Every structure is written in structure tokens, then in C-alpha cells.
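Residue numbers (the working numbering), protein chains in the order written: chain Z, 1 to 392; chain L, 1 to 162.
Printed below as a string of C-alpha cells:
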């Protein structure tokens, strides 16, 4: 693998030796970002592009991105989904700009080429004057490998990406638990979409592991939320914590304590980071799956996607809605500090010869594969993989 | 249901709208709360949610206790950790109607700009309010306020209600 290091690269990159001490420039350098698109986002990673409950009926579709590439994700048959590049195979025009929609085919607004929802090209107006060897079958939309795992539609550009089981490795159980075990049908409740003014790796480095450290709300409520083990595994060092929560005992701080109330004895709680850029959290009765995409080296767009279950009774359905809206989102009662930390780190990492340091937990877990909930060691398998994958 | 044309009533409706934005521009959460009736509700959502009939939007204070708690979030829980910004509002009345039960239904456009700690100013969100307003003890107050954003993806995290 060719090294991206050139004599013009920041000196921090040229001298980077320890994957637990990450040079600031890794988070800010535009050349690094371009290489990440190639080797990571368009490399051997499965990336979530939709939840089945976002496009539950045959004919439904969603638009999203992997890296900077716009995609259409379509529901085309019983448990059959397709992911295609959202660009006409003729002149590259975006075919649809609807976030969620229903269509059996897509017509290019430029020259009228028509594609079915599996990406096959069916109509090419003016074909009689095309080059002699033109065949519609050569001009389908660019397809990504697509699979469904635990009610999530995943896609990858890379034919070498391993199976989902191998890709997720030991991180699979916690993610499956976050989504209700994988079999109970999920229901879409809504979104909180936001741009964080930070590099996508800052967003991933600084969420999930610090619940008892950062969040004032937990302390005010005398509510630490539980303890668990970070388990890292799979391609690129995903991790999950399956920690369980203790029910909150009302200390009178809030006028409406339902925002932190656990109903139906749903004590399962998990936090998951799926590489390169996905998180999923189940806490109390709130379930959210976070799709995300980089917007260059300094911004990250995140779609907090809130979920319930199709078979929820009216009481728990209403409770999930009320709790989800105010608890764990970018403006959540508990979680708003995450948003603040992401952006404050980004602002400060422009200095040369400085590093972001992962230290806590490495004494007991040098490889970071099993560590405590608030440890930093759990991020180091990722950084070890990243450094090698990027040739740095 | 009739369109309100009485200038003095329209001026009173404009006043409660201004009291609301004036409070938010000064991070005066008690002033914000004072524009709501008890019981009263506030919801911040997006046009995308309305289109797809999705109930979980950006903020949901569907009882007066949650309105009170939102003041606590901003004033106490989050105050030390977040990067506060200065919001500025431009609002424009679309229509006001008197309902048969004596309540007022109003629709008002808003544009919110913000200035961060670095002194740079940007557009935060654009949308419209869908309000029900009632008169209590001679004062107009929101019995329900739904802020519907055209902006599906705000450019930074929101600390304050819109």
C-alpha cells in the first residue's frame, strides 16, 4: 500500500509512530481526508444506509450517502433491497432528491433516461442516433453490494468486504441488543438531524464511552446509568457496551421525570460504535440509530434516527416518543455536552506537534479489546487499524 | 373561525410574539416560560417530520412541567458545558384567526440568525410557528406553540428553544 506521506505532509504525520497518540493533523489534513474516502469509506467496510422500517414497503426508497457519494436505497422485494449510486449513468445527473419516497422507477430530469428501482436502464430517448454498439444493459446504475442484518440495510463499494458476521465480530451482540434483538419489528419514530462542526473521527472518538464522566444530568440526578465492558472486535475495531441500567429513583430535580423513567422493565442498555461512522444507542426506553456522513475534514452530518417497535402498546409507544425527543439527541437533556465537546475539540486541534492521547485503561488492556465503560483503551484497536490501513 | 382584522388585537398578538423572541434573545428562560399558559405545550419539529407524519422531532415539551424543565436544562444543567450563542429573530405574521371557542390560531414565519463566541454570524434555522393563543387574566399566552423548521439539518446544535 502506497504511503500518503510526502515531504509536504505535516511533520506530525511523517513522525507518527504510536497509534494511541494521534497527531492533530490526522483530524484536519485535507489530503488525509481524501485518502480516507478511498481507503475507508469506499474500502472494505459495510456501512448502514437505511433501516428496513424507513422503507418498509416494496417500492419505498431512501436517499443517503456513503462518504461523499449520493445513494438511492430501494426496497424491491421480500427482504430484497438495492443500493445504487444516485447519478444517471448517462451524464451523471442526480436522479432524485427526496429523502424518503416511493417509486417503481426513476426518470432523469435531463435527457429522460429511465431506470427501474433495481437500477436497470429501460428508456433512452433518441437511442436511434447513439453509437452503434450502445446497449441499455450496459448502462444500469452503479450498484453497491447490499445486505440486511438486524433490520439494518448495509452497503459497501468493495467486493473484498467480509461477511457481516466477520465484519462485526465480537461487536455484533451489543448492536443486535440495541435494536431489540434483531427480530422484533422496529418502527420509525423520527429524526434529529444535525451538523457537528468537527471531523468525523472526533465524533467517533468522543461519544459513547464517557457517560458517567461528562454528563452533568447524570450527576444531578444521582444516576450513573450502570456499568459495562467495552468489547471491541471486527473490521477496524468496532466496539459495543452492553451495560444495563438501574431504574431512576426520582430525587425531585425534574418536574417531569418521565424523561429518565424506564418502563416495561427494559433495563437493557447498549452503546455501539460501528466503524467507520455509525453509532447506535439503546438507553432507558429510547432507541436511536445514528447514520452519519463526513462533510469534508471539518464537518460531520449525523441523523439520529429514533425507533420503537411495531408491537408497542399505546403507553410505551407514547413514552418512547416523549423520551426520545428530549433525552439523547444533539440537544438532549443528558447528551448536549457531547455536541459541545465535539466542536470544542475541533477548534483546538490546529496546533502542530500535538497529539490526541488515549491512555485510560491501557494498563489493564494493552490491546484495548476488553476494557471498562469509561476507558479510552476501547478506541485503540480502531486507531491501530486506521494507521495501518492508511499507510501512516 | 374568522380572520382577525382588529388592529388592537393584532398588536396584542404581535406583543406576545415579540415577548417570546425578546426573551430568547436575552437567554431569559423565565421570560420565555411566561409567554406560555399553564397548561401549555411547545414542540420543535421539521417540515420533513410533518410530511412523513413522524412524531419525534427536535424538542417536545408537551406539558407545563417540561416547559419548566427546559428552563432548568438551559440555566443549570447545560450552562457550564455548552458554547452559548446569540440568537436574533426576524418574525413575520402570516395570519391570525379567531376560533369559535374564542382562542386565536396564528401562523408566523421566523428566521433565526446566530452569532457564536468567535463573533461570526450565520443563519441558524428558518420556519414557521403554528400557535394557539388564549387570553388569561387579560394577557395573551400560548396554549400551544409548534415551531416547524424548513431547515432539516441545522448547522450547529441547538441549545435554546426556537
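C-beta atoms are modelled at their ideal positions from N, C-alpha and C, and glycine is treated no differently. Every value quoted in this text rests on a predicted model; they were computed, and no experiment measured them.
Neighbours of residue 100 of chain Z across chain L, judged by C-beta separation under 9 Å: 48, 51, 52.
Taking a Cβ-Cβ cut-off of 8 Å, the neighbours of residue 322 of chain Z in chain L comprise 60, 62, given in sequence order.
If you draw a straight line from the Cα of residue 84 of chain L to the Cα of residue 348 of chain Z, it comes to about 17 Å. Closest in C-alpha terms to residue 293 of chain Z, from the list Z:198, Z:148, Z:258, comes Z:198. Residue 336 of chain Z has a beta carbon lying within less than 9 Å of a beta carbon in chain L. A straight line joining the alpha-carbon of residue 385 of chain Z with that of residue 63 of chain L spans about 48 Å. When C-beta atoms of the region 76-85 of chain Z are compared with those of the region 20-33 of chain Z, fewer than three pairs fall below 8 Å, so the two segments do not count as touching. Uninterrupted alpha helix (DSSP H) stretches at least 4 residues long and entirely within the region 8-35 of chain L occur at 29-33, given in chain order. Z:327 is the residue among Z:327, Z:69, Z:363, Z:254 whose C-alpha sits nearest the C-alpha of residue 287 of chain Z. Residue pairing by DSSP places residue 192 of chain Z opposite Z:304 in a beta bridge. One thing to note: residue 258 of chain Z has its Cβ within 9 Å of the Cβ of residue 323 of chain Z. Residues are counted here when their Cβ sits less than 8 Å from a Cβ of chain L; for the region 158-192 of chain Z these are 188, 189, 190, 191, 192, given in chain order. Residue 90 of chain L carries a strand assignment under DSSP once its states are collapsed to helix, strand and coil.
Looking at the backbone, the Cα of residue 129 of chain L and that of residue 109 of chain L are separated by about 6 Å. A residue is called buried once 16 or more other Cβ atoms fall within 10 Å of its Cβ, and residue 95 of chain L, having fewer, is exposed. Within 9 Å of the CB of residue 311 of chain Z, no CB atom of chain L is found; the nearest one sits about 17 Å away. Shown here for residue 207 of chain Z: same chain residues with a beta carbon closer than 7 Å to its own, the five before and five after excluded, namely 279, 338 in chain order. The alpha carbon of residue 89 of chain L has as its nearest neighbour, out of L:82, L:121, L:117, L:134, the alpha carbon of L:121. Here the alpha carbon of residue 125 of chain Z sits roughly 11 Å from the alpha carbon of residue 108 of chain Z.
For residue 76 of chain L, the nearest CB of chain Z lies under 9 Å from its own CB, placing it at the interface with that chain. Sorting Z:136, Z:283, Z:127 by C-alpha distance to the C-alpha of residue 268 of chain Z places Z:283 at the top. Around the beta-carbon of residue 110 of chain Z, fewer than 16 other beta-carbon atoms lie within 10 Å, marking it exposed. For residue 292 of chain Z, the enclosing beta strand (DSSP E) stretches over residues 286-294.
Separation of residue 141 of chain Z and residue 114 of chain Z (C-alpha to C-alpha, rounded to the nearest whole angstrom) is 10 Å. One thing to note: residue 15 of chain L has its Cβ no nearer than 9 Å to the Cβ of residue 136 of chain L.
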